[in-house]
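Encoded as structure tokens, the structure appears first; notes follow it.
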Amino acid sequence: MANLMFLPVADRIESGTYLLYDCACGTGGMLTVAEETLKQIAKDHGKQVATHLYGQEINGETYAICKADLLLKGDGDAADNIVGGPEHSTLSNDAFRSREFDFMLANPPYGKSWKSDLERMGGKAELRDPRFRVMHDGEELSLITRSSDGQMLFLANMLSKMKHGTPLGSRIAEVHNGSSLFTGDAGQGESNIRRWIIESDWLEAIVALPLNMFYNTGIATYVWVLSNRKPKQREGQVQLIDATQWFKPLRKNMGKKNCELAPEDIQCICQTFLAFEETPQSKIFQNAAFGYWKVKVERPLRLHSQLTLPRIESLRFASGDEEIRAVLYDELGDALVEKPASVRKQLEKLLDDWGSADTADDDEENEGAAKKSLPDKKKKKLLDADTWKRDAFLVETATRLRVELGGDLFEDHNVFLAKLSDALTTLGIKLSASDHKLIVNAVSWRDENAPPVIKKIHRGRAGVSPAGKGILPDPLRGLYEAKIDGKTCVVEYEPDSELRDYEQIPLLEEGGIEAFIPFLSAAPAPHPSPDQCRHPRAGA
Numbered sequence: 001m002a003n004l005m006f007l008p009v010a011d012r013i014e015s016g017t018y019l020l021y022d023c024a025c026g027t028g029g030m031l032t033v034a035e036e037t038l039k040q041i042a043k044d045h046g047k048q049v050a051t052h053l054y055g056q057e058i059n060g061e062t063y064a065i066c067k068a069d070l071l072l073k074g075d076g077d078a079a080d081n082i083v084g085g086p087e088h089s090t091l092s093n094d095a096f097r098s099r100e101f102d103f104m105l106a107n108p109p110y111g112k113s114w115k116s117d118l119e120r121m122g123g124k125a126e127l128r129d130p131r132f133r134v135m136h137d138g139e140e141l142s143l144i145t146r147s148s149d150g151q152m153l154f155l156a157n158m159l160s161k162m163k164h165g166t167p168l169g170s171r172i173a174e175v176h177n178g179s180s181l182f183t184g185d186a187g188q189g190e191s192n193i194r195r196w197i198i199e200s201d202w203l204e205a206i207v208a209l210p211l212n213m214f215y216n217t218g219i220a221t222y223v224w225v226l227s228n229r230k231p232k233q234r235e236g237q238v239q240l241i242d243a244t245q246w247f248k249p250l251r252k253n254m255g256k257k258n259c260e261l262a263p264e265d266i267q268c269i270c271q272t273f274l275a276f277e278e279t280p281q282s283k284i285f286q287n288a289a290f291g292y293w294k295v296k297v298e299r300p301l302r303l304h305s306q307l308t309l310p311r312i313e314s315l316r317f318a319s320g321d322e323e324i325r326a327v328l329y330d331e332l333g334d335a336l337v338e339k340p341a342s343v344r345k346q347l348e349k350l351l352d353d354w355g356s357a358d359t360a361d362d363d364e365e366n367e368g369a370a371k372k373s374l375p376d377k378k379k380k381k382l383l384d385a386d387t388w389k390r391d392a393f394l395v396e397t398a399t400r401l402r403v404e405l406g407g408d409l410f411e412d413h414n415v416f417l418a419k420l421s422d423a424l425t426t427l428g429i430k431l432s433a434s435d436h437k438l439i440v441n442a443v444s445w446r447d448e449n450a451p452p453v454i455k456k457i458h459r460g461r462a463g464v465s466p467a468g469k470g471i472l473p474d475p476l477r478g479l480y481e482a483k484i485d486g487k488t489c490v491v492e493y494e495p496d497s498e499l500r501d502y503e504q505i506p507l508l509e510e511g512g513i514e515a516f517i518p519f520l521s522a523a524p525a526p527h528p529s530p531d532q533c534r535h536p537r538a539g540a
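Next comes the structure, spelled out in structure tokens:
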């Protein structure tokens, strides 16, 4: 890691002072190795450099070892810059908030929950730490990851400490497991971190290390190499290096660690990185190759409708808990609606005794088990006479609509809605939006051969500019030209939530989104929703 940080700028290192930082420094091994490597490279190029080491570590034991090691080496100033202990979490208690560093490296914890840190920072809604909320391309990106794994936040923390006003800028090398390459959906923290990095053109390379490189895990690990001063030949590109076969087996396993990088393996990795050429182990991609548009693909809702008696009767239990209400209605009948007070005690007893019959039938080994009673909240709702009256009202209303409209099948749901509206006006019935929806849903069902349900009609002349009297058809956004009552207009169709799908479309897809999604000019076809998100993923 130290070589990957320093070798690309070896000939540009000048005599002076450099700041080195590890945000999860453990016992400080990475810092001291990095310091030694930098000084040796500077010496080889006839330069003299001074270094200041900075580190933060939450584990009290490893923090103490790190500090003691520096003191024993006589480096008291460096020891003063090592901060740690349980109260000094890098994520929730940044010890170097105002500092910027020349070189940064770390091996943060993988798959470790940072929920306690999140709570100390006020939760996702209240977290306003500038390290984890950044402005990018005119929008604020939240870099807050899942609370179950905070490893990418350590990388975001380092990125916030880069120097932007120096010739060398800052260089970062950090070890991650494979989840950092792909976890997080579009718009989520992990994806936003990758987007921020790649679109800012900071990612130089990702190196896949051999398996079983570390003591306590056998999972795949990767070194991310970043810089905000990319060499010209690397600009707009990312190098992926497969170093999984470059290792030396250990004579004896150390936990899960059964191999190590020999000097010749390290040399192979560094030479491959510096050469920046396509080989079987080195692949070079444009930044855009890691980007995707995530689009929500909608398909129009198609319904048949019919006011049949069984469908109307299903409204009698529209307030929920249909199975329980059906049993109660069979027991107490219309009195639940017409004379609720007269059956109140019977209803209470039935609800109190609910589940007792099941308990009585339990096996002997379960004898004495607690009765599976109904929750108080559900009991309260079932005892509420207004819910029974409302359901009865829905049945009565739908029955009257059946008398007015008949029981014939409506193959076009748009026609059904229009006639339903006229019938309600004729009958003098005013329904709330929720009641109207319940009745319509009860008597309608999906049919792929039905005409699409119209959600909105854009009145005015189709084909003129949006600033004019109409709106342009745009199938990509679900706006279709249609004839309504003999007039040409633009319509939107009701989306079918059951057919909703999501597609990840590469940014380099030839023809873009339009070429990826099939369209039909004469009929509404699958179309992406207007809300689209960039979704960068880094991987071979």
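The sequence shown runs 1 to 540 under the working numbering. We put the CB at the ideal spot given by N, CA and C, even for glycine. Keep in mind that this is a model prediction, so the values were computed, not measured.
- Ser342 and Phe410 have their alpha carbons spaced roughly 42 Å apart.
- If you draw a 10 Å sphere on the C-beta of Pro495, you find 16 or more other C-beta atoms in it, and that means buried.
- The closest CA to that of Leu350, considering only Glu448, Ile324 and Gly55, is found on Ile324.
- Within the model, the alpha-carbon separation for Leu309 versus Asp352 is close to 33 Å.
- Contact between Leu209 and Val225 is ruled out by a C-beta separation of about 12 Å, above the 8 Å threshold.
- Looking at the DSSP output, Cys259 bridges to Pro249.
- Note on Ile172: 16 or more other CB atoms within 10 angstroms of its CB, so buried under the neighbour-count rule.
- In its chain, beyond the 5 residues on either side, no residue has a beta carbon closer than 7 Å to the beta carbon of Asn253.
- The region 381–395 makes no contact with the region 276–288: fewer than 3 CB pairs, one atom from each, lie closer than 8 Å.
- By the Cβ test, the region 283–297 is not in contact with the region 479–487, since fewer than three Cβ pairs between them sit closer than 8 Å.
- Distances from the CA of His45 to each of Leu7, Asp102 and Pro108 were compared; the closest alpha carbon is that of Leu7.
- Ranking Lys378, Leu476 and Asn93 by CA distance to the CA of Gly512 puts Leu476 first.
- Around the beta carbon of His413, 16 or more other beta carbons lie within 10 angstroms, which makes this residue buried.
- An exposed status is given to Gln40, since fewer than 16 other beta-carbon atoms sit within 10 Å of its beta-carbon.
- Where Gly55 is concerned, the enclosing beta strand (DSSP E) starts and stops at Val49 to Glu57.
- If you draw a straight line from the Cα of Ser227 to the Cα of Arg500, it is about 40 Å long.
- For Ser305, the uninterrupted beta strand (DSSP E) segment begins and ends at Leu303 to Ser305.
- For Thr488, the enclosing beta strand (DSSP E) has its first and last residue at Lys487 to Tyr493.
- Contact check for Ser147 against Lys115 passes: the beta carbons are separated by less than 9 Å.
- Take Ser15, set aside five residues on each side of it, and the residues of its chain with a beta-carbon closer than 8 Å to its own are Ala42, Lys47, Gln48 and Val49, in chain order.
- When C-alpha distances from Phe285 are compared across Asn157, Gln239 and His164, the shortest belongs to Gln239.
- Under DSSP, no beta-bridge partner is assigned to Pro167.
- Taking C-beta atoms as the reference points, Arg99 and Leu19 count as a pair closer than 9 Å.
- Within the region 168–239, the complete beta strand (DSSP E) segments at least 3 residues long are 171–177, 203–208 and 221–227, listed from N- to C-terminus.
- Under the rule that a run must span 4 or more residues, the alpha helix (DSSP H) segments found entirely inside the region 9–53 read 29–44.
- In this structure, DSSP gives Met1 a state outside helix and strand, which the three-state scheme calls coil.
- Nearest neighbour of Leu168 by Cα position, chosen from Ser89, Asp11, Cys268 and Asp117, turns out to be Asp11.
- Per DSSP, the unbroken alpha helix (DSSP H) holding His436 starts and ends at Ala433 to Ala442.
- Between Glu61 and Ile82, the CB-CB gap reaches or exceeds 9 Å.
- Shown here for Asp149: same chain residues with a beta carbon closer than 6 Å to its own, the five before and five after excluded, namely Gly111 in chain order.
- Residue pairing from DSSP places Phe285 in a beta bridge opposite Val238.
- Counting the other Cβ atoms within 10 Å of the Cβ of Thr27 gives 16 or more, which makes it buried.
- Within the region 297–355, the complete alpha helix (DSSP H) segments at least 4 residues long are 309–313, 322–332, 335–338 and 344–352, listed from N- to C-terminus.
- Contact between Asp321 and Leu382 holds: CB atoms are separated by about 7 Å, below the 8 Å threshold.
- For the region 80–163, the full-length alpha helix (DSSP H) segments reaching 4 residues or more read 115–120, 123–126 and 151–159 along the chain.
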